[in-house]
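Quick note on numbering that gives the first Met the number 0: the sequence shown kicks off at 0 and runs consecutively.
One structure is given below, encoded as structure tokens.
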Amino acid sequence: MLQEVINDTFWIVWQKADQFRGDSRVSTWIVGIAYRCALKTLRQHGGDPLELTEQAEGGHSLVDPHAAHELQDWVSKGLGRLPAEQRMALELAYGAGHSLEEIASIMECQVSTVKARMFHARVKLRNLLPVLAGQGGARAEENEDEQSN
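If you want it as structure tokens, here you go:
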């Protein structure tokens, strides 16, 4: 699935290179195309967004692989429970290092929308991650349910 997204992204970049207006960095424009290709592929195949992330992460770490895998698994589970827009906003900001303006351009929304998505995602993760780690108990689950309503 990841290879399909990459191929589609580069095909569109090649086909529409003359339409790049220069309003943002080229990398922001390409990431925006990749974002929309990934959403389209996930809709077509009914895939899990974590599949794309897991396929993309094939590198090795200098830290304890078991501990790093546990941490990555824990955070991935938390991110996987977020709505797609909130998750993508966090990943573009913290994972890819994009600015709020760039994320707004990529996701085709207002900067205030990006800020709201990131705020709500952080609140959900703050309540959800302790539950996933077995430290939060029922109270954190209740908080998550209250915030999703």
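Even for Gly, the Cβ is constructed at its ideal location relative to N, Cα and C.
Environment of residue i [buried if 16+ CB atoms lie within 10 Å]
i	result
Asn6	exposed
Gly133	exposed
Ser104	buried
Asn148	In this predicted model, Asn148 has a pLDDT of only 46, less than 50, meaning its place in the structure is not dependable enough to derive any value.
His44	exposed
Val25	exposed
Phe19	exposed
Straight-line Cα distance separating residue j from residue i
i	j	result
Trp154	Leu127	A question about residue 154 goes unanswered here, because the residues of the chain that appear run from 0 up to 148.
Ser23	Arg80	31 Å
Tyr93	Met87	10 Å
Ala115	Trp13	33 Å
Phe9	Met117	28 Å
Val30	Glu90	12 Å
Gln71	Leu78	10 Å
Gly21	Lys39	25 Å
Val110	Glu69	33 Å
Close Cβ partners of residue i (< 6 Å) along its chain, the five nearest in sequence each way excluded
i	result
Met106	none
Ile11	Ile32
Glu101	Thr27
Sub-8 Å separation of residue i and residue j beta-carbons
i	j	result
Ala33	Val4	yes
Lys76	Leu131	yes
Leu99	Val113	yes
Gln85	Ala37	no
Cβ-based neighbour list, residue i, same chain, cut-off 8 Å, excluding 5 preceding and 5 following
i	result
Arg35	none
Cutoff 7 Å; reference residue i; Cβ partners in own chain excluding five residues on either side
i	result
Lys15	none
Below-8 Å beta-carbon distance, residue i vs any chain D residue
i	result
Trp73	The structure shown contains no chain D; it is built from a single protein chain.
Scan the region 67-116 and note each continuous alpha helix (DSSP H) run of 4 residues or more that stays entirely inside, going in chain order. If only uninterrupted alpha helix (DSSP H) runs of at least 4 residues are considered, those enclosed by the region 67-116 are 83-89 and 99-106.
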